[in-house]
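Q:
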Amino acid sequence: MCTVEGATLNWGYKESFRNYIESIAKGGWDLTGVVYEFPEYVWSGGTGTYDPETGSGLVAFGGMIAFSGHEGALDTQLNAARIELAGDTGYIVFDIAGTTQEGEQINQKDVRFVEYSLAGAVMLDGVLAVTGAESTLTDAGAAAFGTYAAGEAFDPVSFVIPVGPDCAVTVEEEAVDAPVAAVSAAVEPIDSSDAPVWPWFVGGAALLLLLAGGGVLMARRNSSKNEAPSESVDA
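Using the working numbering, the letters of the sequence shown correspond one by one to residues 199 to 433.
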């Protein structure tokens with residue numbers, strides 16, 4: 199868990215509503231602990247905690263925006279602004295008090311007023327930042343404010359949350375396999391027992407045939423020498 203100090207939040211609420219308040223409603227807004235820098239309200243000095251393992255956190259700013267118009271018929275106070283981080287989704291949370299345009303009294307705590315995606319959040323040098331994340335009115339925000347339906351687009355959200363350089367997700371080191379030793383292929387002598395025997399067999403057979411042929415030839419020559427020529431005997 200990391201400690202947050204000196205966070206800032208920039209959010210214009212809803213541009214069309216600001217224009218409506220200043221024109222048709224003939225009203226405006228009073229600020230306590232909040233600065234208006236066209237076209238955004240700016241909260242500063244936020245403190246809280248942030249858990250990088252779960253992506254959850256809560257940063258409190260305080261302050262108040264009090265919208266008024268229609269000669270007091272519209273009177274809504276957004277108190278104690280907070281940034282709530284919940285994984286992939288962020289919320290701007292208020293304590294809301296006052297009267298809706300319909301004359302209904304409001305006094306609700308911890309209202310998740312608008313929500314926005316944290317997909318574009320960037321952690322750099324110990325600072326978690328979101329720039330221009332589109333926000334929409336929640337069911338709870340619509341019930342508390344009473345002017346717009348849930349899902350209505352509100353102004354983009356930007357914030358800077360210092361969490362410190364040591365605040366980061368702990369990454370477990372993966373086991374590194376030992377390098378495989380290079381195996382040199384050894385040239386083994388050819389096993390003569392595996393060599394084919396047919397060349398030797400053929401060669402031996404040919405030699406035997408030659409010897410046998412020579413024996414027959416010699417026998418024939420000897421036979422020819424032993425035979426005497428036949429002579430006729432005269433009586």
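For every residue, glycine included, the Cβ atom is placed at its ideal position computed from N, Cα and C.
Quick one: Cα of A317 to Cα of G285, how far?
A: In a straight line, the C-alpha of A317 is about 9 Å away from that of G285.
Q: Straight-line CA distance for S356 to E300?
A: Taking the straight line joining both Cα atoms gives about 32 Å.
Q: Report the option in T201, M199 and T206 whose CA atom is closest to the CA atom of I290.
A: For the residues T201, M199 and T206, the minimum Cα distance to I290 belongs to T206.
Q: Opposite R435 in the DSSP bridges: which residues?
A: The chain is shown only over 199 to 433; residue 435 falls outside these bounds and no answer can be derived.
Q: Identify the continuous alpha helix (DSSP H) that holds D353 and give its terminal residues.
A: Premise fails: D353 lies in the beta strand (DSSP E), A351 to P360, not in any alpha helix (DSSP H).
Q: Tell whether a beta-carbon distance below 8 Å holds between L272 and M262.
A: Cβ distance not < 8 Å, so L272 and M262 don't count as in contact.
Q: Is the number of C-beta pairs between the stretch 227 to 239 and the stretch 256 to 270 that are closer than 8 Å three or more?
A: Touching, yes.
Q: From E269 to A279, what distance separates their C-alpha atoms?
A: Roughly 26 Å between the two C-alpha positions.
Q: Taking all protein chains shown into account, do 16 or more other C-beta atoms lie within 10 angstroms of the C-beta of L335, making it buried, or fewer, making it exposed?
A: L335 is buried by the Cβ-count criterion.
Q: Near F292, what residues of its chain come up, given a Cβ to Cβ distance below 7 Å and the 5 sequence neighbours on each side ignored?
A: Hits under 7 Å: L276, N277, A278, A279, V309 and F311.
Q: Give a yes or no on whether 8 Å exceeds the smallest Cβ distance from E313 to chain B.
A: You won't find chain B in this structure, because it holds only one protein chain.
Q: For T329, I'd like the list of residues in its chain whose CB is within less than 6 Å of its CB, leaving aside the five on either flank, ordered along the chain.
A: S356, listed in sequence order.
Q: With C-beta atoms as the reference, is V257 less than 8 Å away from G243?
A: It is not a contact, given that the beta carbons lie outside the stated cut-off.
Q: Please classify A341: does DSSP put it in a helix, a strand, or coil?
A: In this structure, A341 counts as helix in the three-state DSSP scheme.
Q: Going by DSSP, which residues form a beta bridge with T298?
A: Partner(s): none; T298 has no beta bridge.
Q: Exposed or buried, what is I219 when buried is set at 16 or more other beta-carbons lying within 10 Å of its beta-carbon?
A: I219 is buried by the Cβ-count criterion.
Q: Mind checking who L207 pairs with in its DSSP beta bridge?
A: Answer is W241 and F357.
Q: In whole angstroms, what separates the C-alpha of T297 from that of G339?
A: Straight-line Cα distance between these residues: approximately 14 Å.
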